[in-house]
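So the structure is just underneath, and the comments pick up after that.
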Amino acid sequence: MRRALLPALLLALLCACEAADPPPGEVIGGFRFEATMESGEGEGRCRFSGAPAQLAFEGVLSYERDTGKLWLTTGETSREGRLEGSTFHIRTPAEGPGVGRRLSSCTCQMQMVEEIDGELLAAKDCGDHDDASAAPEQTCPELVDGEESWRNCGCVRGSLRESVEFPATDAVCTCDVGGQRQPAPERCVFEYRLEGTLM
101 MRRALLPALL LALLCACEAA DPPPGEVIGG FRFEATMESG EGEGRCRFSG APAQLAFEGV
161 LSYERDTGKL WLTTGETSRE GRLEGSTFHI RTPAEGPGVG RRLSSCTCQM QMVEEIDGEL
221 LAAKDCGDHD DASAAPEQTC PELVDGEESW RNCGCVRGSL RESVEFPATD AVCTCDVGGQ
281 RQPAPERCVF EYRLEGTLM
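With the sequence shown counted from 1, adding 100 to any position gets you my numbering.
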């Protein structure tokens, strides 16, 4: 599996704050994530070279029970998002325009925004059990004495989206598309299917 990171997805660099040790809030679990680029030439997809077909990284999900804040901590960095029930959303940067980046396939700088949408699933729904009916009452999260517990959660399913925008400039910006130089689009996206497995 290719382990290179999409330049905008530099998980250790993108607008991240220093991670606390241990991660902030209450830990949900540590996950091994794999992101696979969606196939096809969907409308609005980025077609220029420079993005890997697959990404792999490890991270810890944690949250603050009273506020719904969620953190994804990878290595030395944490990114903040929101948790509602078993679903979460993370945008990096948290607001405003994207982070400036350059790819060797394009002649100008672009701005990139990373968004992760995920759902935490009970272990029985993660597809790695022979008998899915063995624990039919499992939920994620489950309520234990009126409090949320994440002990039944076994995986994450969702998407990772890198939104690219080329700011208007006087210079003509081109990108390498299949070995040919073409004008850069005003905006486009890299879309990945995201899967995370509890470590």
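Even for Gly, the Cβ is constructed at its ideal location relative to N, Cα and C.
{"Asked": "Give the DSSP-derived three-state secondary structure of Asp225 in the structure shown.", "Found": "helix"}
{"Asked": "Please work out which residues of its chain come closer than 6 Å, Cβ to Cβ, to Glu291, disregarding the five sequence neighbours upstream and downstream, and give them in chain order.", "Found": "Glu138 and Arg261"}
{"Asked": "Sorted by chain position, which residues of the same chain lie with C-beta nearer than 6 Å to Arg132's C-beta, five sequence neighbours on each side aside?", "Found": "Glu158, Thr297 and Met299"}
{"Asked": "Would Gln211 count as contacting chain C if we go by Cβ distances under 7 Å?", "Found": "Protein chains in the displayed structure number just one, and chain C is not present."}
{"Asked": "Is DSSP giving Phe266 helix, strand or coil here?", "Found": "coil"}
{"Asked": "For the candidate residues Cys255, Glu215, Thr192 and Ala268, whose alpha-carbon lies nearest to that of Gly227?", "Found": "Cys255"}
{"Asked": "Please confirm whether Gly196 and Phe188 have their CB atoms less than 7 Å apart.", "Found": "no"}
{"Asked": "Let me confirm a value: Asp225 is counted as buried when at least 16 other C-beta atoms fall within 10 Å, else exposed. Which label applies?", "Found": "buried"}
{"Asked": "Identify whether Ser178 lies in helix, strand or coil by the three-state DSSP scheme.", "Found": "strand"}
{"Asked": "Given that a residue counts as buried once 16 or more other Cβ atoms are within 10 Å of its Cβ, and exposed if not, what is Ser263?", "Found": "buried"}
{"Asked": "Output the distance between the C-alpha atoms of Ala232 and Cys240, rounded to the nearest integer angstrom.", "Found": "Residue confidence for Ala232 is low, a pLDDT of 49 falling below 50, so the modelled location carries little weight and cannot support an answer."}
{"Asked": "On the three-state DSSP scale, how would you describe Thr297?", "Found": "strand"}
{"Asked": "With the cut-off set at 7 Å, would you say Thr192 and Arg179 are in Cβ contact?", "Found": "yes"}
{"Asked": "Cβ-heavy atom distance between Pro152 and the ligand SAM below 6 Å?", "Found": "The ligand SAM is not part of the structure shown, which contains no ligands of any sort."}
{"Asked": "Output yes or no for whether 7 Å exceeds the beta carbon distance between Pro122 and Trp171.", "Found": "no"}
{"Asked": "In whole angstroms, what separates the C-alpha of Ser186 from that of Glu242?", "Found": "10 Å"}
{"Asked": "Quick one: residues in its chain with C-beta nearer than 7 Å to the C-beta of Asp276, no 5 flanking neighbours on either side, listed in chain order?", "Found": "Phe148, Ser149 and Ser205"}
{"Asked": "Using C-beta distances below 7 Å, list every residue in its chain close to Cys288, excluding the 5 sequence neighbours before and after it, in chain order.", "Found": "Gly144, Arg145, Cys146 and Val264"}
{"Asked": "Going by Cα to Cα distance, which pick from Gln211, Arg257, Val160 and Arg165 is closest to Thr177?", "Found": "Val160"}
{"Asked": "For the beta strand (DSSP E) containing Gly198, name the first residue and the last one.", "Found": "Looking at the DSSP string, Gly198 is not in any beta strand (DSSP E), and its letter there is neither H nor E."}
{"Asked": "Going by alpha carbons, who is nearest to Ala151 out of Asn252, Met212 and Gly129?", "Found": "Met212"}
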